[in-house]
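**Student:**
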Amino acid sequence: MAQIGLKILIVEDDASFGSVLRDLLTRQGHFPFHVTKPDEALQLVQRQSFDVFLIDCLLPNMTGTDLIKKIKSETNFSKTAKIVMMSGIYTDKSFQQESIQETGADGFLKKPFDISEIQTYISSFKPQTPKVEEHPRKKLYEIFEKEKVSPREKRKMIESLEEVDGFDLPFIYSLLAETKSSGHLNIFNSDGAVSGVSFCQGQIVGVDVEDKSTVLGHMLIQSGYLMPQDLQEVLQDKSPRKIGQKLIDSCKLSPHAFDLILGEQMNVRLTRTIIEGKVRVNFVATEVENVPAAIDQEQLLTYMHDWVASKLPIQWLESLYMMWSGQKILKTSLWKLDHPVFKTSFITRLGKLADRIEAGVTLNELLSVDGYDSVSVHKALHLMLLKGVIIFSAEKVKLDSVSQRKHLKKIQQQLEGKDNSEVLELFQDLLQGKPDSTWLDEFMIFVGPAPEDSEILKVWQNLRERFDKAIRIHWDQSSHEVTKIKATEKNNLRLQALQKLDEVKAQLQLNQFTKAKELIKSIKNVEEIPGGRLYKSWIQIGTLDQTKKVAQLKEIELELMQIPPDERYDAFYLYVMGLYHKAKGDKSAAKKSFEKSVAINPSFLIAKREITMLDSVIEQPKQDIFNMDLKDVVAGFFKKKSG
Amino acid sequence: MSKFQAKVDRQGSKISVQLGGIIDEDADFTALAIKDAQEIVIDMDAIKSINSCGIREWIKWISEGDKSKVVYSKCPKVIVDQMNMVDGFLPSFAKVESFYVPYYNEDSGSEKNILFRYGVEYREGQVQPPPDVKDESGQVMEMDIIESKYFKFITSKV
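Protein sequences, first through last, are from chains A and B.
Under numbering that gives the first Met the number 0, think of the first position of the first sequence as 0, with each following residue one higher.
Under numbering that gives the first Met the number 0, think of the first position of the second sequence as 0, with each following residue one higher.
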């Protein structure tokens, strides 16, 4: 295991001497960084802390003495850091003493100095061990390791969160729901937008987002429950009642239809809160009034399944679970095989998942099961964790040599093809809140101890070197510039991809599946672009191979499942769902989807055409209202006829 | 559940506003015009909770007082949390005269709110909590907050 090294800044204008010194210190297990100019040194010290400074007395544009004074007065210089001055010219004792007195430096080295001299000098300094404040986000997930959470613990934990990922929000919603909380969760986005979710005894009773597209009137018209002229009429009424109440009082809307849409509105709005990027959260515990359309635990599980399927990127989940990958998955007191979470498709897709967990297994072991893919395993586990049926043991499982080989090879595969910043990004959850001088050690703890087998040892050493390199580049000022350039490139690529997707959509409407397929192939990570999965599914349905139909339809089902709920309020989504049902042979479900699609967009010709075609082949079944879904019964009674 | 309550007392160019209940989408700030006042003192002792709609309404309302001397008084924890987290909730032209700090005793589970006053328990950049806070049974209580977060509106204004 590597010893924790010192982070050393060498300021030396003699490039060759500086790099020799850097190599020497690297071999001794430290983390040296070499710059040749004083302003480069100042910029670096502004951004990060160092344990030791080795500063040459004669530098371009500034003396070493002045540089030390500037570092001490203008940067976040740590008082525990040591400064050693170096010079090959100013070597007389009185100069050395004066310089030390003037700058408060800790020592002076006459150049050329012996290797052992610098070694002795450096080793006399103890690495500063800054007080590591644990990252609040880690605390959020520590709850996974606890069997029970008291309301006070829960409140304190949410209070301690300064900032979380938008993708962490489903966990916070679940936690507040599972612990039967009442109050308002206020969410602050980095762009200044404020949104909120209200809970009453663990049920979600209100979702507030600044988003015009989910205004109730708009959604009622889109769903076919209300005609635009009825809404206009009610809007003329200036009484202080809420719009829903006005519509119900004037008999333009049934209370049931209103509740259905209110629930739908909350779902779409909740989905919109789950975003990429940081958010700040604050929970105000208070009594909150219940509403008939409240989202209960059962409904929330359905929504969570959708969010895990469609909103949480696999890269994010892989990065999050890395810290528990070698820990045993344990059942909690909530583990019961008739728990609704076990009926969700991510879990049922993985045969015998519950049996394996009951027998005792780690995430790494699950990932090596034949037929278990990373997406399904991570998403299934995340869903179980959100519902609190599993936790991770605190102890890491000791790996035998076969498992260790697998473990190391897997990390090696994960690092393949990644640049330095991507390597660090992959392990961000492991490193968050830790000083960067300890990152290598954190990584090596995750990798595990040095193996005895010489072949596996090579992989282990390669991993160490690869990660070490990534950290060094991270320290390099230029890496920040690279990150900026990469972000711009990413935005440009996204714009191009969106334009191409528009072309794909146009081709699909003309039934030009081959052209659309060619176009979509040229879009990198198309699944991450809004609409990407939908058009991909549309193409798959349009080019179904009758001999492989069953397997292909299963793939399409997985794709459609991963479309976020807020993208489903769209005529094209419903149209593709109609095509999917039609391909499966479920004509009545297909017709329903096409009709919904037309309700959203009354001039949607291709959907209308499908309805006409289906009408000619479907015999109208008698409606058995006692065995129908409540939503359909209500819709049948109260839906307005669309044009 | 206590609805939003507001009582306004105008004395010349000075306005005293007493707020209470829940600040949410139903909170109507339109009756609390503060634009032309020279001094506005807002007593928040009776505020019970605030949601995201309330936060937006508050920011809109308080920004109208940008030409006045605005004083926040007896701020409960729900308000202090927002002052620390939301830009514009405590604008630069507003001063906090006093606020509550929750205290807790782990053994007895007792809870208490202690009023911290400007110039006594805190001043710019500094907090000097009272030396001993005890509950009814005489047990010493501890601050039930994360100090670095809760006092941020004081410490970050140095």
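Cβ atoms here follow ideal geometry from the backbone N, Cα and C, with glycine treated the same way.
1) I need the straight-line Cα distance from L384 (chain A) to I390 (chain A), nearest angstrom please.
2) In the DSSP assignment, what residue or residues form a beta bridge with T361 (chain A)?
3) If the cut-off is 8 Å on Cβ atoms, which residues from the region 170-198 of chain A count as contacting chain B, listed in chain order?
4) Starting from E51 (chain B), find everything on chain A with Cβ-Cβ shorter than 8 Å and list it in chain order.
5) So the alpha helix (DSSP H) K69 (chain A) belongs to, where does it begin and stop?
6) Considering only their Cβ atoms, is the gap separating A308 (chain A) from F345 (chain A) smaller than 9 Å?
7) For the pair the region 283-290 of chain A and the region 169-183 of chain A, tell me if three or more CB-CB distances fall below 8 Å.
8) Could you pull out every residue in the same chain whose Cβ sits closer than 7 Å to the Cβ of K514 (chain A), ignoring the five residues on either side in sequence?
9) Which residues of chain D have a Cβ atom closer than 7 Å to the Cβ of E158 (chain A), listed in chain order?
10) In whole angstroms, what separates the C-alpha of G137 (chain B) from that of S107 (chain B)?
11) Would a check of beta-carbon distances place V131 (chain A) closer than 9 Å to chain B?
12) Quick one: which chain B residues come within Cβ less than 8 Å of V283 (chain A)?
13) Helix, strand or coil: which one does DSSP assign to Q17 (chain B)?
14) So which residues on chain B does E161 (chain A) lean against when the C-beta distance must stay under 8 Å?
15) If I follow the unbroken alpha helix (DSSP H) through M303 (chain A), where does it start and stop?
16) I'd like to know if the region 90-103 of chain A and the region 112-119 of chain A are in contact, where contact means that at least 3 CB-CB pairs between them fall below 8 Å.
17) Roughly how many angstroms separate the alpha carbons of A598 (chain A) and S194 (chain A), rounded to a whole number?
18) Please list, in chain order, the chain A residues whose beta carbon lies closer than 7 Å to that of M84 (chain B).
19) Check V280 (chain A) in the structure and name its three-state DSSP category.
20) Leaving out five residues on either side along the sequence, give the residues of the same chain with a beta carbon under 6 Å from the beta carbon of T128 (chain A).
21) Give every residue of the same chain whose Cβ lies closer than 8 Å to the Cβ of R21 (chain A), excluding the five residues on either side of it in the sequence, and list them in chain order.
22) Measuring only between beta-carbons, confirm whether I113 (chain B) sits less than 9 Å from chain A.
23) When the Cβ atoms of the region 150-168 of chain A are set against those of the region 363-371 of chain A, are three or more pairs found closer than 8 Å?
24) Near P239 (chain A), what residues of its chain come up, given a Cβ to Cβ distance below 7 Å and the 5 sequence neighbours on each side ignored?
25) Would you check if there are 3 or more beta carbon pairs closer than 8 Å linking the region 369-381 of chain A to the region 304-319 of chain A?
26) Could you work out which residue in A:D467, A:E566, A:S592 and A:M443 is closest to L578 (chain A) when comparing CA atoms only?
27) Answer yes if the region 198-218 of chain A comes into contact with the region 260-272 of chain A, meaning at least three C-beta pairs across the two stretches below 8 Å, and no otherwise.
28) Helix, strand or coil for V597 (chain A) per DSSP?
29) Determine, using beta carbons only, whether E141 (chain B) comes closer than 9 Å to chain A.
30) Identify whether N185 (chain A) lies in helix, strand or coil by the three-state DSSP scheme.
31) By how many angstroms is the C-alpha of P312 (chain A) removed from the C-alpha of Q561 (chain A)?
32) Check whether the region 392-409 of chain A and the region 314-332 of chain A touch, using three or more Cβ-Cβ pairs below 8 Å as the test.
33) Return helix, strand or coil for H29 (chain A), following the three-state DSSP convention.
34) Output the boundary residues of the beta strand (DSSP E) element that contains M85 (chain A).
35) Where does T79 (chain A) land, buried or exposed, given buried means 16+ other C-beta within 10 angstroms?
36) Answer with buried or exposed for Q81 (chain B), where buried requires no fewer than 16 other C-beta atoms within 10 angstroms of its C-beta.
**Tutor:** So, from the listed chains and residues:
1) Cα to Cα, the separation comes out at about 7 Å.
2) Under DSSP, T361 (chain A) forms a beta bridge with A:K327.
3) Listed by position along the chain: G182, H183, N185, I186, F187, G191, V193, S194, G195 and S197.
4) The residue asked about is misnamed: residue 51 (chain B) is Ser in this sequence, not Glu. In chain order: H183, N185, I186, V193, S194, G195 and D207.
5) Counting along the chain, the unbroken alpha helix (DSSP H) around K69 (chain A) starts and ends at G63 to E73.
6) Between F345 (chain A) and A308 (chain A), the C-beta gap is smaller than 9 Å, which places the two residues in contact.
7) Segments in contact, yes.
8) Short of 7 Å from the beta carbon of K514 (chain A), and not among the five residues preceding or following it, lie these beta carbons of its own chain, in chain order: Q506.
9) Although the question refers to chain D, the structure presented lacks it and instead comprises the protein chains A and B.
10) In a straight line, the C-alpha of G137 (chain B) is about 11 Å away from that of S107 (chain B).
11) Confidence at V131 (chain A) is low in this model, with a pLDDT of 44, below 50, so the placement of that residue should be treated as unreliable; the coordinate-derived value is given next. No, V131 (chain A) lies away from the interface with chain B (no Cβ there is under 9 Å from its Cβ).
12) Within chain B, the residues near V283 (chain A) are S48, I49, N50, V77 and D80.
13) If DSSP states are grouped into helix, strand and coil, Q17 (chain B) belongs with the strands.
14) Neighbours of E161 (chain A) in chain B, taken as residues whose beta carbon is under 8 Å from its own, are K148 in chain order.
15) Membership of M303 (chain A) in the alpha helix (DSSP H) is indicated by the continuous run Q296 to S309.
16) Counting C-beta pairs with one atom in each stretch, the region 90-103 of chain A and the region 112-119 of chain A have fewer than three that are closer than 8 Å, which means they do not touch.
17) C-alpha separation (whole angstroms): 29 Å.
18) Correct list: F187, R279 and N281.
19) Looking at V280 (chain A) - three-state DSSP - the assignment turns out to be strand.
20) The predicted position of T128 (chain A) is uncertain, since its pLDDT is 45 and thus under 50; no value can be drawn from it.
21) Contacts found: I9, P31, F32 and H33.
22) Interface residue (Cβ-Cβ distance to chain A less than 9 Å): I113 (chain B) is not classified as such.
23) The region 363-371 of chain A and the region 150-168 of chain A do not touch, with fewer than three beta-carbon pairs separated by less than 8 Å.
24) Here P239 (chain A) has no same chain residue with a Cβ atom under 7 Å from its own Cβ, once five neighbours each way along the sequence are excluded.
25) In this structure the region 369-381 of chain A lies against the region 304-319 of chain A, because at least three pairs of beta carbons, one per stretch, are closer than 8 Å.
26) The shortest C-alpha separation from L578 (chain A) is found at A:S592.
27) With a cut-off of 8 Å, the region 198-218 of chain A and the region 260-272 of chain A count as touching, because enough Cβ pairs lie within range.
28) In this structure, V597 (chain A) counts as helix in the three-state DSSP scheme.
29) Closer than 9 Å: no.
30) N185 (chain A) falls in the strand class under three-state DSSP.
31) Taking the straight line joining both Cα atoms gives about 10 Å.
32) Result yes; three or more Cβ-Cβ pairs closer than 8 Å.
33) Annotated three-state conformation of H29 (chain A) is coil, per DSSP.
34) K81 to S86 is the extent of the beta strand (DSSP E) around M85 (chain A).
35) When all chains shown are included, T79 (chain A) counts as exposed.
36) Result: buried.
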